[in-house]
Amino acid sequence: MELNALLGISGPDSSIAISDENHERLVELKQLTGDSFKKELVRLTVESDQQFVGFHVNAISSEGAKDLALREWARQKLPVLTENLSEIQALH
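By my numbering, the letter at position 69 of the sequence shown is numbered 1482, and the numbering carries on one by one without gaps.
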């Protein structure tokens, strides 16, 4: 929602739908229980957080986002995202 507001995007088409691949991963996760569920949840969270950090690193690079407000927004979010990634990796 923050990003949509920054970019001036609104309306019902402003959200991003989950991909079929990620939907299937969530269905598979939902079928697990106990330690298997916890282990897979942490693994998927680490993978997702790594991708998210990567998107932000790319956005703030000189070849990244051309919109300066978007680049600054990504720069401000990056410390929190890397901290979150470090915390979840400690559980892995």
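Every residue gets a Cβ at the ideal spot worked out from N, C-alpha and C, and that includes glycine.
(message) Under DSSP, the alpha helix (DSSP H) around E1476 begins and ends at which residues?
(response) Position 63 of the sequence shown holds residue 1476. Counting along the chain, E1476 falls outside any alpha helix (DSSP H), and DSSP gives it neither H nor E.
(message) Applying the 10 Å Cβ sphere with the 16-neighbour rule, what's the burial state of I1501?
(response) Here residue 1501 is taken as the residue at index 88 of the sequence shown, counted from 1. With 16 or more Cβ atoms within 10 Å of its Cβ, I1501 is classed as buried.
(message) Distance check for L1483 and G1421, CA to CA, integer angstroms please.
(response) Mapped onto the sequence shown, residue 1421 falls at position 8. Mapped onto the sequence shown, residue 1483 falls at position 70. Roughly 11 Å separates the two Cα atoms.
(request) Indicate whether V1459 and H1505 have their beta-carbon atoms separated by less than 7 Å. (result) Taking the first residue of the sequence shown as 1, we reach residue 1459 at position 46. Taking the first residue of the sequence shown as 1, we reach residue 1505 at position 92. In this structure, H1505 lies closer than 7 Å to V1459 by Cβ.
(message) Could you compute how far the alpha carbon of E1453 sits from the alpha carbon of E1441?
(response) Taking the first residue of the sequence shown as 1, we reach residue 1453 at position 40. Taking the first residue of the sequence shown as 1, we reach residue 1441 at position 28. So the two alpha carbons sit approximately 10 Å from each other.
(request) Can you grab the Cα-Cα spacing for the pair K1451 / L1439, in whole Å? (result) Along the sequence shown, one-based indexing puts residue 1451 at 38. Along the sequence shown, one-based indexing puts residue 1439 at 26. When rounded, the distance between both Cα atoms is 13 Å.
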